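For the protein sequence lines, the chains are R and L, in the order given. For the first sequence, our numbering assigns the number 963 to the initial residue and increments by one for each residue that follows. For the second sequence, our numbering assigns the number 458 to the initial residue and increments by one for each residue that follows. All C-beta atoms, glycine included, are put in the ideal place defined by N, C-alpha and C. Since the model is a prediction, treat every value here as computed from it, not as a measurement.
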Amino acid sequence: MLKKTLVALALGGALMGAGQVMAADYAIDKQGQHAFVNFKISHLGYSWLYGTFKDFDGSFSFDAAKPQDSKVNVTLNTTSVDTNHAERDKHIRSDDFLNVSKHPTATFASTSVKSTGEGTADISGDLTLNGVTKPVVIAAKFIGEGKDPWGGYRAGFEGTTTLKLKDFDISTDLGPASESLELIISVEGVRK
Amino acid sequence: MQWRNSSSHYGLVSILMHWLVALAVFGLFALGYWMVGLDYYSGWYKTAPDLHKSIGLVLFTVMLARVLWRGFSPPPASLPDHGRLTRLASKLGHSFLYLGLFVLMISGYLISTADGRGIPVFGLFEVPASLTSIPDQEDVAGLVHEYLAWALVIFAGIHALAALKHHFIDRDRTLMRMFGR
Chain R
963 MLKKTLVALA
973 LGGALMGAGQ
983 VMAADYAIDK
993 QGQHAFVNFK
1003 ISHLGYSWLY
1013 GTFKDFDGSF
1023 SFDAAKPQDS
1033 KVNVTLNTTS
1043 VDTNHAERDK
1053 HIRSDDFLNV
1063 SKHPTATFAS
1073 TSVKSTGEGT
1083 ADISGDLTLN
1093 GVTKPVVIAA
1103 KFIGEGKDPW
1113 GGYRAGFEGT
1123 TTLKLKDFDI
1133 STDLGPASES
1143 LELIISVEGV
1153 RK
Chain L
458 MQWRNSSSHY
468 GLVSILMHWL
478 VALAVFGLFA
488 LGYWMVGLDY
498 YSGWYKTAPD
508 LHKSIGLVLF
518 TVMLARVLWR
528 GFSPPPASLP
538 DHGRLTRLAS
548 KLGHSFLYLG
558 LFVLMISGYL
568 ISTADGRGIP
578 VFGLFEVPAS
588 LTSIPDQEDV
598 AGLVHEYLAW
608 ALVIFAGIHA
618 LAALKHHFID
628 RDRTLMRMFG
638 R
């Protein structure tokens, strides 16, 4: 009886210790800002314009053994858009584009995850942008995970999705090359 | 006509500056109003704002010169039939126009320089950025600029109507003085 209890306790302890293979909740590292929500859109068909949203937060739960049970939630402050140009950023915030006074936040909430290979998955979810909610699929890649030197445990991902501006009621005509925009979400989470 | 103002008449410098600034202010309002509605592919999309900013910055120098000139050559005395209320209203109204224009031009400058970028003036030289640390600078300055532009252009219209009132109703020299008479 004692031996069985001891064995059970030892096994349980071993399983707990092997944290990697357990489902875990992570908070996006906003404090250290090891997370970025960037976008890329063509300028006149002649070059790429990159921008970022500086203020966002979120969380994800991830289980390497059961990736289909993973979840992601991100909320961003649309006013925090930054393309390194004050006049352009002011224009992007206006009702010609993001209309931030009317829609101060944009969100992504995952609905399902499908593994597409070793360390990659398609994350389906609802993207709410400019007050419009549409389903999108983020092609995600697992970058790595493990203990950090300061007592925490981290995991990181990068995912991309391409969306059409018109689908989100952003109707200002920037030309035929600029009808869609690529969102690049690159995040590191700290295990809660 | 003299260059300087006298106790009874405006001189050429004040008169020229007054009408040039009036032209610039109404012109810049119209240009600003029109340019924000331009399509991305309009040939004027870049040119119109460049012109608006260049003229605005030159106007700033003219207004500074105007304030200095006012110290050097004060305006003529109030007309004898201008009572206390008229003189007070005149002082307040003109102060609002002067002050409002300076705040308007500075707010415009703060929009474009919020990211540390300078503003080119007719492609000849650049006015550097200075204050860039106001939170949401380009947006806050933008709102100030937009609302003040409307307030000023409406008040300038009232200013013109007041001059016409003095001319046609009071039948005094107020308006004619700004033509040198």
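Not a single CB atom of chain R sits nearer than 8 angstroms to the CB of I626/L. In the DSSP assignment, Y467/L falls outside any alpha helix (DSSP H) and carries neither an H nor an E.
With contacts defined by Cβ atoms closer than 8 angstroms, G489/L and A606/L form a contacting pair. DSSP places E583/L in the uninterrupted beta strand (DSSP E) bounded by 582-584. Taking C-beta atoms as the reference points, V578/L and L514/L count as a pair closer than 8 angstroms. Taking a 10 Å sphere around the C-beta of H602/L, we find 16 or more other C-beta atoms and assign the residue as buried. If you check each beta-carbon in the region 1040-1069 of chain R against every beta-carbon of chain L, the ones closer than 8 angstroms belong to T1041, N1046, H1047, A1048, E1049, D1051, K1052, R1055. The Cβ-Cβ distance between V1062/R and I1147/R does not fall below 8 angstroms.
Residue pairing by DSSP places Y1012/R opposite K1002/R in a beta bridge. Assigned with DSSP and collapsed to three states, T1041/R falls in helix. The beta strand (DSSP E) runs of length 3 or more contained entirely in the region 535-603 of chain L are, from start to end of the chain, 576-578, 582-584.
About 34 angstroms separates the beta carbons of A534/L and S564/L, which is beyond the 8 angstroms limit, so they are not a contact pair. Contact of G1137/R with chain L by beta-carbon distance below 9 angstroms involves Y497, Y498. Spatial neighbours of F553/L in its own chain (CB-CB distance under 7 angstroms, excluding positions within 5 residues in sequence) are listed in chain order as F612. Contacts with chain R at 8 angstroms (Cβ-Cβ) include A571/L. Note that the C-beta distance between H1065/R and T1040/R is below 8 angstroms. Under the three-state reduction of DSSP, F1024/R is assigned to strand. Note that the C-beta distance between P532/L and Y467/L is below 8 angstroms. Of the residues L1038/R, V1094/R, I1100/R, F1022/R, the one whose Cα lies closest to the Cα of F1130/R is V1094/R.
Excluding residues up to 5 positions away in sequence, A481 lie with their Cβ nearer than 6 angstroms to the Cβ of L516/L in the same chain.
Approximately 6 angstroms separates the beta-carbon atoms of V1075/R and P1029/R; this is inside 8 angstroms, confirming the contact.
In this structure, DSSP gives L964/R a helical state, which the three-state scheme calls helix. DSSP places F517/L in the uninterrupted alpha helix (DSSP H) bounded by 501-529.
Taking 8 angstroms as the CB threshold, G599/L lines the interface with chain R. Counting only Cβ-Cβ distances below 7 angstroms, I611/L has no contacts in chain R at all, with the closest Cβ about 23 angstroms away. In the three-state DSSP reduction, S1074/R falls in the strand class (E or B). Cβ neighbours of E1144/R within its own chain (closer than 7 angstroms, five residues either side excluded): F1001, K1002, T1122, T1124.
CA-CA distance, I1085/R to A1101/R, rounds to 6 angstroms. Close to chain R, meaning a Cβ-Cβ distance shorter than 8 angstroms, are the following residues of the region 565-591 of chain L: I568, S569, T570, A571, D572, R574. A residue is called buried when at least 16 other Cβ atoms come within 10 angstroms of its Cβ; D1051/R meets this threshold and is buried.
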